[in-house]
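A short worksheet on the structure shown next.
Numbering (my numbering), first residue to last: 4 to 56.
Next up, the structure:
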């Protein structure tokens, strides 16, 4: 079960990178949305992996 948390966290980190790119492109609304989703995914996957491991 914990094998899925690392790819989820990496995908969320990729979303955070995309949010940074959108922020630099002056697309603030999409950057905020992607940053929220990416940060939530990283925190959730990390917390779940620590809790279940």
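Ideal Cβ placement from N, Cα and C applies to all residues, glycine included.
Only a predicted model underlies this, so the values are computations on that prediction, with no experimental measurement involved.
- Annotation: residue 38 to residue 6 spans about 24 Å, alpha carbon to alpha carbon.
- Out of 23, 41 and 54, the CA that lies nearest to the CA of residue 12 is found in 41.
- In the DSSP assignment, residue 25 falls within the unbroken alpha helix (DSSP H) covering 8 to 27.
- Counting of Cβ neighbours within 10 angstroms places residue 44 among the buried residues, the total reaching 16 or more.
- In the DSSP annotation of this structure, the continuous segment of the alpha helix (DSSP H) that includes residue 48 starts and ends at 31 to 55.
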